[in-house]
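Inspection log for the structure reproduced underneath, given as structure tokens.
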Ligand SMILES: [Zn+2]
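Numbering (the numbering used here), first residue to last: 5 to 602.
Below you can see the structure in the form of structure tokens.
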């Protein structure tokens, strides 16, 4: 008999009592005290001499990493509390408290980075080669290099202070604008005003007329607010360009490439391979249009599902299916997933007041993760569960490493999740009970491929060109619309019936100040994972251990080193990318074959 799994998670094992937990309060107080004493400990480094130096540095770095873990543990707990009940006011107060703690910790880290930068080169070499510090040498070197490439510390402190209102404020203003936008939509003879999020969901409607109407109103609404969005985009872009100029950085790609620990050559090779192969998706677009009863695919049809084919599954069935399919790749991965289901690591219940969407968060002090989602019985929900379990597994395999070696970048963050999702989705396609269901699943996969190869490519092209023009002054709304359509037309190989001119306004990723170019890391991660998945299929059972080793190294080397060491490939050359693209596009043939009969 199949096991019955609980659909709610266990947070009491960390801190009993939810947002009023006395244990959690105590934990935060102690953290506050220790962060308060941190600057003093950093200053004490100055008195370290000769042989005691590596020991002193080692003790301090250990302590800083431990504080980082505790801060993350506290953040994860509060994040889980607010997600499980968006009306938990106590949890919101706790979040405010942690933001303050995070800022104090950040200030101490700037001080530490200054010490790292001030250490003379010969002393530094000795330090990082000492066995005491060698395990975090990559992270230390990265911190020293980044500090050296910035302005002198006093100026960077000023930049950080001014950025609160002069830079990040534009992101907040943008969110305020988005919050006010409503999109009129007629339903049951009554005109409702939809929020941006509600309207976006209508693009997944089965009804083509609904999608078309919402898209028209969507364009009107964004065009109406385009002046405010353009202002935000121009000012945050201007801030960025000015700061880069003062730092002596000549390319807007320097920061995002460095954040993702990759070279420009790798990025250009990846895009080059995609550009050469993207037309292979056009037959899929044409067939999808035909299945939807259209002459050509419109922008509003990109996320449209195929009619029929959806089946409903229970949570227990989903869990057992995932465990079984994981087990075909690696029994260790299956055991891990079973533990997560049995020990209540997952919050999946469908009930009011939960935050939408899904995530996986880690409690590094306890060595456990928690997964959040809402299970409604769709096959998409199974993929989400597998995806988040992939994240949790990634965390598990690196859990015993020094904390700094666990901090991986955005472009490799989705490696394990996408991989886990591919295992389960492919199995679902094989096990589908009808061709209609199989076709629906394949279509969802190809939708994702089109998003990563074409939509994200258009965003990248747009952002690059926007910055080029922004150097000469603010870019007008009309010009932004034009740049957007040009980029989409190019990225989609002119295959669409229409384009989305105000996309630059409606896509919030362009406005995120914490991470510039919030686009190409997605495509990198997807293809990197697809390439690894292809390798796993070739190598069979022997690959599981290699795969875990690769995941362990994601936080302590560049992506080029990671791929060379674990896959024996050079990411600056097209071969690996070509095999990854072929892996993804193999679905097109199956989709065309199956839909011929439809
Ligand atoms: Zn993810």
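Positions of the beta carbon are idealized from the N, C-alpha and C atoms, including for glycine. Owing to the predicted nature of the structure, the values given are computational and were not obtained by experimental measurement.
Exercise. If you compare alpha carbons, which of 187, 301 and 207 is closest to residue 198?
Worked result: 187
Exercise. If you scan the region 485-548 from start to end, which runs of the alpha helix (DSSP H) of 4 or more residues do you find wholly inside it?
Worked result: 507-510 and 524-543
Problem set entry | Nearest-angstrom Cα separation, counted from residue 163 out to residue 473 | 24 Å
For this session: Check whether the Cβ of residue 533 sits closer than 8 Å to any heavy atom of ligand 1, and report yes or no.
Result: no
For this session: Name all residues in chain order for which at least one heavy atom of ligand 1 lies closer than 6 Å to the residue's CB.
Result: 391, 395, 418 and 421
Exercise. Taking just the CA atoms, how far does residue 221 sit from residue 580?
Worked result: 43 Å
Exercise. Under the three-state reduction of DSSP, which class applies to residue 475: helix, strand or coil?
Worked result: coil
Exercise. Which term fits residue 17, buried or exposed, when burial requires 16 or more other beta carbons within 10 angstroms of its beta carbon?
Worked result: exposed
For this session: Keeping to the same chain, check which residues put their C-beta closer than 7 Å to that of residue 24; ignore five residues upstream and five downstream.
Result: 94
For this session: Output the boundary residues of the alpha helix (DSSP H) element that contains residue 401.
Result: 383-402
Exercise. Which residues in the same chain as residue 287 place their Cβ atom closer than 7 Å to its Cβ, once the five residues preceding and following it in sequence are excluded?
Worked result: 592 and 596
Exercise. Would DSSP call residue 366 helix, strand or coil?
Worked result: strand
For this session: Leaving aside the five residues before and after residue 5 along the sequence, list all residues of the same chain whose C-beta is less than 8 Å from its C-beta, in chain order.
Result: Below a pLDDT of 50, predicted positions are generally treated as unreliable, and residue 5, at 47, falls in that range; no measurement from the model is reported.
Problem set entry | Helix, strand or coil at residue 91 [DSSP, three-state] | coil
Exercise. Do the region 45-55 and the region 106-121 make contact, defined as three or more Cβ pairs closer than 8 Å?
Worked result: yes
Problem set entry | residue 44 classed as buried or exposed, judged by whether at least 16 other C-beta atoms fall within 10 angstroms | exposed
Problem set entry | the region 553-565 touching the region 448-459, judged by at least three CB pairs closer than 8 Å | no
Exercise. Does DSSP put residue 5 in a helix, a strand or coil?
Worked result: Because the pLDDT of residue 5 is 47, which lies under 50, any placement of that residue in the model is unreliable, and the question is left without a value.
Exercise. From what residue to what residue does the alpha helix (DSSP H) around residue 418 run?
Worked result: Premise fails: residue 418 is in no alpha helix (DSSP H) and is neither H nor E.
Exercise. Which value, in whole angstroms, describes the spacing of the CA atoms of residue 86 and residue 571?
Worked result: 40 Å
Exercise. At which residue ranges does the region 26-95 contain complete beta strand (DSSP E) runs of 3 or more residues, listed in the order of the chain?
Worked result: none
Problem set entry | Secondary structure of residue 188, DSSP reduced to three states | strand
For this session: Say yes only if the C-beta of residue 281 is nearer than 8 Å to one or more non-hydrogen atoms of ligand 3, and no if none qualify.
Result: With respect to small molecules bound, the structure shown includes ligand 1 and not ligand 3.
Problem set entry | Alpha-carbon spacing of residue 132 relative to residue 370, whole angstroms | 29 Å
For this session: Pair every Cβ in the region 288-306 with every Cβ in the region 209-216, then say whether three or more of these pairs are closer than 8 Å.
Result: yes
Exercise. So the alpha helix (DSSP H) residue 232 belongs to, where does it begin and stop?
Worked result: 230-251
For this session: Within its chain, find whatever has a CB closer than 8 Å to the CB of residue 426; leave out the 5 residues flanking it on each side and keep chain order.
Result: 533, 534 and 537
Problem set entry | Nearest candidate by alpha-carbon position, reference residue 487, set 505, 496 and 476 | 505
Exercise. Can you tell me where the alpha helix (DSSP H) with residue 258 in it begins and where it stops?
Worked result: 258-263
Exercise. Taking C-beta to C-beta, are residue 431 and residue 462 nearer than 9 Å?
Worked result: no
For this session: Using the Cα positions of residue 324 and residue 416, report the straight-line distance between them to the nearest angstrom.
Result: 28 Å
For this session: Sort 357, 343 and 263 by Cα distance to residue 372 and report the nearest one.
Result: 343
For this session: Would you decide whether residue 206 is buried or exposed? Buried here means 16 or more other CB atoms lie within 10 Å of its CB.
Result: buried
Exercise. When DSSP labels each residue in this structure, what does residue 373 get in the three-state scheme?
Worked result: strand
Exercise. With a CB to CB cut of under 8 Å and the five nearest residues on each side skipped, what residues in its chain are close to residue 127?
Worked result: 57
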